[in-house]
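Colleague:
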Amino acid sequence: EKYSNVSVKEKTDADFDFTRTSSATRVNPDYLIETVATDIPRLDYTNGTASILLEPQSTNSVLYSQEVDNAWWFKFNCTITPNTSISPDGTLNADTLTMTSGTSAVLYRTSRTAGSLSFFAKDISLGTATFKISVDGVGSASWDKNGLLTSVAGATATDGENYGNGWYRFTLNVTSGTVVNYGISNGTGTNSILVFGLQNEAGATYPTSYIPTTNSTITRAAETLNNAGNSDLINSTEGVLYAEINALADDLTNRTIALSDGTTSNTVRIQYLTVSNSIWATITNIGAGGNQAILQYTSSDITINSKVALKYKANDFSLFVNGIKVATDTSGVTFTSNTLNTFQFDRGNGAESFYGRCKTVAVFKEALSDTELACLTSTNNREIFLNY
């Protein structure tokens, strides 16, 4: 795939404007990490199928993120042999960390700022020992060779993320304090592991896509996706806004997809909010008195893909999630003709950018029936909308 199907064409009103003022990485269809050039959107296959990946700005403050044999890294009770195996980016650049004594081996660095610490690792001869990320005086987490979380203290962590071929990405999120020492270790004995792609995102509460570094920190720019549509493509009096999405984390921030007039005065919005695991839908018409409908749903986990449809029509508003009508409102107005003219991955004025994964978006110019909406959002429905 690798963008071979992308060709230069005249922009239409159905196309989004995409910006990212830096390169970034994605997981490609071969499930390998690869770099994508500036201002090219990322079709990411981390979850097995393609999704547009939209992330906030983040910086990897770890130097030599995939060259841990470098002198910048301190080694204790271990040796590093460079370029011994194929890493998650498909090249021969993974390093072997081998213990040299019966006590815990550590690869570490000092004076990093608390945030999200992550690295990729693969078992060679770990046995019953564990991988571990630790932050002196703050917190730690350990995992077994199959990526399962075995312990966590003073921080948050989950099971390792499976990258295939025995590789996992392990993350420890530390939200307070200044890191004096942090590092990775591999238990006790004389075992070995493969390591690759170390990352420290200061102040972050969850890991973002891998940002490779050499002799300096690297920042990946934030992404925006907006300015699609016009008043001919969007029906202001009735319709449906549909999205198949998942959040990057339940991080209690506002992340929004909206039809609007380019402001927040007239909007049809689907959004993740500052309430844990909540999906909200709102119809706002300031000229008619403000919010005409507020529809709320609590998900078991917003990081899992959901199919969400918001129907708007005078006195007939409803929210469907994964085939089920979860909220309704039977009182309220919509908008006069030609009011809504843009589709954006934000709240309509550039704020509350949507950061997450999106498999599909669509706008319908008619308010669909409950049967149609249940079918549209059913988890068994495999139809893909290429545009609206």
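Per our numbering, the sequence shown runs over residues 1152 to 1539. For glycine and all other residues, C-beta sits at the position ideal for the given N, C-alpha and C.
Taking 8 angstroms as the limit between beta carbons, can you name the residues of its chain near Ala1400, skipping five residues before and five after?
Modeller: Thr1356, Tyr1357, Thr1454
Colleague: Indicate whether the contact test is met: 3 or more Cβ pairs, each with one atom in the stretch 1178-1189 and one in the stretch 1373-1383, closer than 8 angstroms.
Modeller: no
Colleague: Pairing CB atoms from the stretch 1386-1397 with CB atoms from the stretch 1459-1479, are three or more of them under 8 angstroms?
Modeller: Contact between the stretch 1386-1397 and the stretch 1459-1479 is present, because at least three Cβ pairs lie under 8 angstroms.
Colleague: Can you find a heavy atom of the ligand MG that lies under 7 angstroms from the Cβ of Leu1470?
Modeller: This structure lacks the ligand MG; in fact it carries no ligand of any kind.
Colleague: Hey, out of Phe1225, Leu1204, Ser1302, whose CA is closest to Val1213's CA?
Modeller: Phe1225
Colleague: Exposed or buried, Glu1517, counting other C-beta atoms within 10 Å across all chains shown (16 or more means buried)?
Modeller: exposed
Colleague: In the DSSP assignment, find the unbroken beta strand (DSSP E) run with Thr1370 in it and report its ends.
Modeller: Run containing Thr1370: 1369-1371, per the beta strand (DSSP E) assignment.
Colleague: Is the distance from the Cβ of Asn1211 to the Cβ of Thr1364 below 8 angstroms?
Modeller: yes
Colleague: Ser1504 and Thr1370 - do their beta-carbons sit closer together than 8 angstroms?
Modeller: No, Cβ-Cβ distance for Thr1370 and Ser1504 is not below 8 angstroms.
Colleague: Measuring alpha carbon to alpha carbon, tell me which of Arg1498, Ala1308, Tyr1448, Arg1406 ends up nearest Asn1378.
Modeller: By alpha-carbon distance to Asn1378, the top candidate from Arg1498, Ala1308, Tyr1448, Arg1406 is Arg1498.
Colleague: Leaving out five residues on either side along the sequence, give the residues of the same chain with a beta carbon under 6 angstroms from the beta carbon of Leu1403.
Modeller: Counting only Cβ-Cβ distances below 6 angstroms, and skipping sequence neighbours, we find Thr1425.
Colleague: How far does the beta strand (DSSP E) with Leu1446 in it extend, from its first residue to its last?
Modeller: 1441-1449
Colleague: To the nearest angstrom, how far is it from the Cα of Phe1555 to the Cα of Ser1267?
Modeller: Lying before the first or after the last residue shown, residue 1555 is absent from the chain, which here runs from 1152 to 1539.
Colleague: For Pro1192, does the count of other Cβ atoms within 10 angstroms reach 16, so buried, or fall short, so exposed?
Modeller: buried
Colleague: If you follow the alpha helix (DSSP H) that Asp1181 is part of, which residue opens it and which one closes it?
Modeller: Note, Asp1181: premise wrong, no alpha helix (DSSP H); not H, not E.
Colleague: Please confirm if the stretch 1510-1526 is in contact with the stretch 1443-1454, defined as three or more CB-CB distances below 8 angstroms between the two stretches.
Modeller: no
Colleague: Using a Cβ-Cβ cut-off of 6 angstroms (strictly less than) and excluding sequence neighbours within five positions of Asn1234, which residues of its own chain qualify?
Modeller: Counting only residues of its own chain and dropping the five nearest sequence neighbours on each side, Asn1234 has a CB closer than 6 angstroms to the CB of Leu1243, Asn1244.
Colleague: Here's the rule I'm using: 16 or more other beta-carbon atoms within 10 Å means buried, otherwise exposed. How should Pro1180 be labelled?
Modeller: exposed
Colleague: Along the chain, where does the alpha helix (DSSP H) containing Thr1528 start, and where does it finish?
Modeller: 1521-1528
Colleague: Compute the beta-carbon to beta-carbon distance between Val1477 and Ala1439, rounded to the nearest angstrom, for a pair I have assumed lies under 8 angstroms.
Modeller: Actually they are not in contact, since the Cβ atoms of Val1477 and Ala1439 sit about 25 angstroms apart, beyond 8 angstroms.
Colleague: Below 8 angstroms CB to CB, which residues in the same chain sit around Ala1525 once its five sequence neighbours on both sides are set aside?
Modeller: Phe1471, Gly1474, Ile1475, Lys1476, listed in sequence order.
Colleague: So which of Trp1318, Gly1317, Val1286, Asn1386 has the shortest CA-CA distance to Ala1304?
Modeller: Val1286
Colleague: In angstroms, rounded to a whole number, what distance separates the CA positions of Gly1315 and Thr1197?
Modeller: 10 angstroms
Colleague: For Gly1390, does the three-state DSSP call read helix, strand or coil?
Modeller: Three-state DSSP puts Gly1390 in a strand.
Colleague: Return the residue from the list Val1289, Ala1409, Trp1294 that minimises the CA-CA distance to Lys1273.
Modeller: Trp1294
Colleague: Short of 7 angstroms in beta carbon distance, which residues of its chain neighbour Asn1351, apart from the five on each side in sequence? Order them along the chain.
Modeller: Asn1211, Ser1212, Val1213, Arg1263, Gly1266, Leu1268
Colleague: Between the Cα of Arg1320 and the Cα atoms of Thr1281, Phe1270, Ile1344, which residue gives the shortest distance?
Modeller: In terms of Cα proximity to Arg1320, the closest of Thr1281, Phe1270, Ile1344 is Phe1270.
Colleague: Check the C-beta distance from Gly1507 over to Asn1405 and give it rounded, since I have them as a contact under 8 angstroms.
Modeller: Rounded, the Cβ-Cβ distance is 12 angstroms, inconsistent with contact.
Colleague: So, is Ala1521 buried or exposed, given that buried needs 16 or more other C-beta atoms within 10 angstroms?
Modeller: What sits at residue 1521 in the sequence shown is Asp, not Ala. Asp1521 is exposed by the Cβ-count criterion.
Colleague: Counting only the same chain and skipping the five closest in sequence on each side, list residues whose C-beta sits under 6 angstroms from that of Thr1359.
Modeller: Glu1206, Ser1209
Colleague: Take the Cβ of Ile1434 as the centre, count every other Cβ of all protein chains shown within 10 Å, and call the residue buried at 16 or more, exposed below.
Modeller: buried
Colleague: Using the C-alpha atoms, what's the distance from Val1178 back to Gly1199?
Modeller: 9 angstroms
Colleague: Please report the straight-line C-alpha distance between Gly1311 and Thr1322, rounded to a whole angstrom.
Modeller: Rounded to whole angstroms, Gly1311 to Thr1322 spans 7 angstroms at the Cα level.
Colleague: Mind checking which residues open and close the beta strand (DSSP E) that includes Glu1352?
Modeller: 1343-1353
Colleague: Would Leu1527 pass as a contact of Ala1460 if the rule is Cβ separation under 8 angstroms?
Modeller: yes
Colleague: Exposed or buried, what is Ser1343 when buried is set at 16 or more other beta-carbons lying within 10 Å of its beta-carbon?
Modeller: Under this definition Ser1343 is a buried residue.
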